[in-house]
Structures are given as C-alpha cells and as structure tokens.
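Worksheet for the structure shown next.
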DNA sequence: TATAAATAGGACAATTTTATCTTAATTAAA
DNA sequence: TTTAATTAAGATAAAATTGTCCTATTTATA
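Protein chains in written order, with our numbering: chain R, 6 to 150; chain S, 6 to 150.
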C-alpha cells in the first residue's frame, strides 16, 4: 500500500508526537530503535518530514525532533503520506492510466472510486493525536518485539 | 496501490478476456500495444498468469493467449492480483508490521481494517466478465490515447 | 570561545522492480 | 518433414527504492 519510507515516516511521526506530549525531543537512534527501522534511512525520511513542515527539528546539542503539542491534533495522516509518497495512492488511477475520469474511465474506475474515497477520507480525518494516544495508552504498538 | 506488473497483468487479462469472447487469441505484441505496456515485460507477466491458471497459452503457430469463455465470469480480480502481487495488499499491516492483529495492533490497525476489507471484498467480487464487458461496450478504456 | 552533541546533506552501495534481448521449445500447416 | 509462427525461459540491463557512510553545519553549554 505505502512505500517502506512512508511506513517508517508514519511510525516515526507517531513516536515523535507521543514524546512531544511528554516534552521530550527524540533523535534518529531512539526513533529507529523504537519503530524497528534502519537508522540512516529513517534520518533521511525525518529530513523530508521537516521540509514538509510535519515535524520540527532542533539542531545542535540537546536538539532532536519534536512536534509542537498544540499542532498534533491538526496533523492529518494524509499530510505525512503526501509528504513521502505523494497523493497518487488516493488520487491516481487503479490501473495507472495517466488520465482516468468519468469521461475516460479505466475498467475498474467505478470499483476503485469507492475504495479510493474511503482511503482518502480515512487519511484526511485521522489525526496524529489519536494515533499517538493509541500508542501512549498501550492500545497499539510500533514494532513487534 | 498495485505494482506496475500487476497493473499490466490486470489490463492484459481484461483484453484477453474481451478477445476470447470473440474467439480470438492474442499475442504479447497486440496486448502491449493495446494496454500501452512494454512488450517483453508484459510477456513475462503473461507467463506468470499462465502458471497461476488465470489465462491459457497455446504455443506454436496460430497460438496465443486466451481464456476459456465459460470461465471468464468466475475469474476474480483477486486471483490476478494474488498471482502477481500476492495478498499483502489486503491482508498485510498498513504499517508493515509482521504481526498486526487485534491483540497486537499497529496504531492504524482499526482505521485500515475497514479499507482493507472493502478492498478485499471488491477484489473478490469483481469478475473479469464485468471488466471485459465495460471494455467491449466502450464504457471503459485500457489506455489513454 | 572551545567543545560536544545534534541535524543536514551528499556520495555511494545494495536490493528490488521494471524492462530488454537472445535462444530454446513447441506446434500448425504447407 | 520442413518451415514459420508462436510461447517459455534465462541472462542481462536500467531504473527506482531502500539503505549506509562520511562530512558539514548548527547550537547549547562548560
């Protein structure tokens, strides 16, 4: 569904959000350990999330990654997915046609429309806040072990 | 959503089905022209669909690819996707956790469950017959130009 | 101001996916 | 039985994604 980079990005953002609620900045080492991802690759993805204004970075000693507490409820899953994978997953054609619409649909257009809209709605209404809360409450996990 | 290979495979299967209804076998050249895909790569994907019993191949002169007319209504989109991409798209975890279930869910587990189930239902109930019909009726297209 | 602790960024490597090319095997028909 | 048309299959190449490493830059604090 999503690229590996996007999976790591989502998990990282959730972990950062959880820590930001506790007033704690985190670094790529902690993050990659907590989400079970390759550290350097994860650091690249974090850079990208910073450039897309999903998370903040603070350079230098005592720095790290964080998200402003107040903005966490307003950050949507769609923003993270968009920052890393773009919007083709919930906007593009299921069969990869460059133009696929009501006037010129691919054979699965109608079938996919519903799925794609559901996915888009879900991504656009799911906030980082609820995901971080799932984690904090111990109702969800970012890795298997 | 799907790999390129899977997109090509679905389109190829639809085109083959349409032609099989007309009693016509088709070869990779025609197919790749009709679905706008690289020919040799498409041929590989066709081989895979043959091995997975989604389509039939007839070797030698006057051969080509076909699908038994009577079986077209019973071939599900899920079989094609499964043959090429496997089932992870509608069975795997949205964040890539190896084990993700009610007891040990990822933070987006519940959100994804619905999407995934919708997708699975759609793939398992959509038949090659209806897709080929969309094409035959001129209500859908396999390429842009 | 020097130092240590961070992120940023560029170059590179490995792996996977996508794509191509060539040859072998098969088969209908002349 | 030979030939031409066709799929099968293996080797290879190109491109994209995933992953690593090294150095530069930034910054709080001693």
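Ideal Cβ placement from N, Cα and C applies to all residues, glycine included.
Whole-angstrom distance between residue j and residue i, CA atom to CA atom
i: residue 13(R); j: residue 59(R); result: 14 Å
i: residue 117(S); j: residue 16(S); result: 27 Å
i: residue 34(R); j: residue 114(S); result: 25 Å
i: residue 28(S); j: residue 43(S); result: 25 Å
i: residue 80(S); j: residue 132(S); result: 6 Å
i: residue 125(S); j: residue 65(R); result: 48 Å
i: residue 130(S); j: residue 83(S); result: 8 Å
i: residue 180(R); j: residue 56(R); result: Any property of residue 180(R) remains undetermined from this structure, which presents chain R solely from 6 to 150.
i: residue 39(S); j: residue 52(R); result: 42 Å
i: residue 67(S); j: residue 25(S); result: 14 Å
i: residue 32(R); j: residue 75(R); result: 21 Å
i: residue 143(R); j: residue 150(R); result: 14 Å
i: residue 109(R); j: residue 108(S); result: 44 Å
i: residue 96(R); j: residue 96(S); result: 22 Å
Beta-carbon spacing of residue i, residue j below 7 Å
i: residue 137(S); j: residue 23(S); result: yes
i: residue 148(S); j: residue 41(S); result: yes
i: residue 88(S); j: residue 128(S); result: no
i: residue 8(S); j: residue 90(S); result: yes
i: residue 123(R); j: residue 120(S); result: yes
i: residue 135(R); j: residue 77(R); result: no
Cut-off 7 Å between Cβ atoms - residues of its own chain near residue i, not counting five sequence neighbours on either side
i: residue 111(S); result: 98, 99, 100, 102, 105
i: residue 139(R); result: 145
i: residue 69(S); result: 30, 31, 32, 63
Cβ-based neighbour list, residue i, same chain, cut-off 6 Å, excluding 5 preceding and 5 following
i: residue 10(R); result: 50, 89
i: residue 37(R); result: 44, 47
Integer-rounded CB distance, given that residue j should sit under 8 Å from residue i
i: residue 71(S); j: residue 21(S); result: 6 Å
i: residue 152(S); j: residue 19(R); result: Nothing can be reported for residue 152(S), as the shown portion of chain S is limited to 6 through 150.
(request) With 9 Å as the C-beta to C-beta threshold (strictly closer), list the residues of the region 108 to 119 of chain S near chain R in chain order. (result) Residues 109, 110, 111, 112, 113, 114, 115, 116, 117, 119.
(message) Closer than 8 Å between beta carbons: that is the criterion. Which residues of the region 123 to 135 of chain R meet it against chain S?
(response) Of all residues in the region 123 to 135 of chain R, 123, 124, 127, 131 have a Cβ within less than 8 Å of some Cβ in chain S.
(request) With 8 Å as the C-beta to C-beta threshold (strictly closer), list the residues of the region 9 to 28 of chain R near chain S in chain order. (result) Taken in chain order, the members of the region 9 to 28 of chain R whose beta-carbon sits within less than 8 Å of a beta-carbon on chain S are 9, 12, 15, 16, 19.
(message) Short of 8 Å Cβ to Cβ, which residues in the region 83 to 94 of chain S face chain R?
(response) Within the region 83 to 94 of chain S, the residues whose Cβ lies closer than 8 Å to some Cβ of chain R are 94, listed in chain order.
(message) Output needed in chain order: residues of the region 38 to 69 of chain S with a Cβ under 7 Å from some Cβ in chain R.
(response) Per Cβ criterion, the list is empty.
(request) Identify each residue in the region 139 to 150 of chain R for which the Cβ-Cβ distance to at least one residue of chain S is less than 8 Å, and report them in chain order. (result) Look at the region 139 to 150 of chain R: the residues with a C-beta under 8 Å from a C-beta of chain S are 139, 140, 144, 145, 146, 147, 148, 149.
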